[in-house]
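K.L.:
The sequence shown begins at 22 in my numbering and counts up by one.
For glycine and all other residues, C-beta sits at the position ideal for the given N, C-alpha and C.
Nothing here was measured: the structure is a model prediction, and the numbers come from that model.
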Amino acid sequence: MKDSESVTTQQSSVQVWTKALAESTGSPGGGAGTGVMLSIAAALTSMVAGYTEAEEAQREQLAGIHARAHALRQAALQLADDDASASNAFGAAFRLDPGPERDDAVHQASVDAAKASAVLGERAINAIEDLGWLAANGNPALIADVVVGFGALRAAIAGARTNVSFDLASLTSAGTTLQEVRGQHPDLWNTVTRLSDALDRIDELTAGVDEKAAPTEAL
22 MKDSESVTTQ
32 QSSVQVWTKA
42 LAESTGSPGG
52 GAGTGVMLSI
62 AAALTSMVAG
72 YTEAEEAQRE
82 QLAGIHARAH
92 ALRQAALQLA
102 DDDASASNAF
112 GAAFRLDPGP
122 ERDDAVHQAS
132 VDAAKASAVL
142 GERAINAIED
152 LGWLAANGNP
162 ALIADVVVGF
172 GALRAAIAGA
182 RTNVSFDLAS
192 LTSAGTTLQE
202 VRGQHPDLWN
212 TVTRLSDALD
222 RIDELTAGVD
232 EKAAPTEAL
């Protein structure tokens, strides 16, 4: 692997992937990092679910959480690679010479990048309540792992929110107003609001278990 374009989250070691992330290429970049954070959150959710023993009435629910987290861990890595590809196209569009061709390329790349981040963000939103269930019902010995999972999930959602918002704002580079962008891409625009609300929900859940995870007042 001699360049960042050949580095993927699914085929590279952590050492190799983070080395590529550290390079000034933009691909992988923050969006791909967002996908990796989501994968970490899913992996921790899966781990805690696996260590949790539920009453008979909750076993089916726990099994569903475990299965969804297991699937999301791998899906998030693919989303990270998808975002890296979108980021690469985004950078290439902005390197074109000024003119109509560049404007069209920037517009398409911005929309594609926003969509990639929005998909990732929606998957992260859907993972919140599963981790919240484990915060309330999971193995209490792993509450610290739950909180680390919340931190990773928050980073994923914050990253997706910022990237969708930034990519939508990039559409104004060709003279389109933000009001026009909102009208042209209402679903993407609304995703930013949903992601903001999701951050508040994670903060609420984290605060609810912080005393159990880090009981510093007792020291």
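Among residues of its own chain, excluding the 5 on either side of S131, which ones have a beta-carbon nearer than 6 Å to its beta-carbon?
P.N.:
Cβ within range, chain order: D188, S191 and L192.
K.L.:
With H, G and I counted as helix, E and B as strand and the rest as coil, what does DSSP make of R175?
P.N.:
Here R175 sits in helix by DSSP.
K.L.:
Since A173 and M58 are thought to touch, with beta carbons under 8 Å apart, how far apart are those beta carbons, to the nearest angstrom?
P.N.:
Between M58 and A173 the Cβ distance is about 5 Å, and since that is below 8 Å, they are a contact.
K.L.:
Pick helix, strand or coil for L226, following the three-state DSSP scheme.
P.N.:
In the structure shown, L226 sits in a helix (DSSP, three-state: H, G or I).
K.L.:
Using only the alpha-carbon positions, how far apart do I61 and G159 sit?
P.N.:
For I61 and G159, the distance between alpha carbons rounds to 18 Å.
K.L.:
Counting pairs of Cβ atoms below 8 Å between the segment 83-95 and the segment 116-133, do you hit three or more?
P.N.:
No, they do not touch.
K.L.:
Along the alpha helix (DSSP H) that carries V140, what are the first and last residues, could you check?
P.N.:
V140 -> alpha helix (DSSP H) spans P121 to N158.
K.L.:
Once you ignore the five residues that flank R116 on each side, which residues in its own chain have a CB closer than 7 Å to its CB?
P.N.:
The answer is none, since no qualifying residue turns up.
K.L.:
Expressed to the nearest angstrom, what Euclidean distance is found between the alpha-carbon atoms of F171 and T227?
P.N.:
F171 and T227: Cα-Cα distance of roughly 7 Å.
K.L.:
Give me the residue from I164, R144 and A70 with the minimum Cα distance to E234.
P.N.:
The amino acid occupying residue 234 in the given sequence is Ala; Glu does not appear at that position. Per the Cα distances, I164.
K.L.:
Name the residue from N109, D125, H87 and A64 whose alpha carbon lies nearest to the alpha carbon of V28.
P.N.:
Ranking the options by Cα distance to V28, first place goes to N109.
K.L.:
Any contact of the segment 150-159 with the segment 209-219, i.e. 3+ C-beta pairs under 8 Å?
P.N.:
No, they do not touch.
K.L.:
Can you have a look at S138 and say buried or exposed, based on whether 16 or more other CB atoms are within 10 angstroms of its CB?
P.N.:
With 16 or more Cβ atoms within 10 Å of its Cβ, S138 is classed as buried.
K.L.:
Would you kindly work out how many angstroms separate the C-alpha atoms of V37 and A78, rounded to a whole number?
P.N.:
Spanning the two alpha carbons is a distance of roughly 44 Å.
K.L.:
Any idea what DSSP makes of G47, helix, strand or coil?
P.N.:
G47: coil per DSSP, three-state reduction.
K.L.:
Is L117 helix, strand or coil when you go by DSSP?
P.N.:
L117: coil per DSSP, three-state reduction.
K.L.:
My assumption, with CB atoms under 8 Å, is that A134 sits in contact with A107. Please give the rounded CB distance.
P.N.:
Indeed they touch by this definition, with Cβ atoms about 4 Å apart.
K.L.:
By alpha-carbon positions, which one of V168, S34 and S33 ends up nearest to I223?
P.N.:
With distances taken between Cα atoms, I223 lies closest to V168.
K.L.:
So what does DSSP say about G56, is it helix, strand or coil?
P.N.:
Three-state result, G56: helix.
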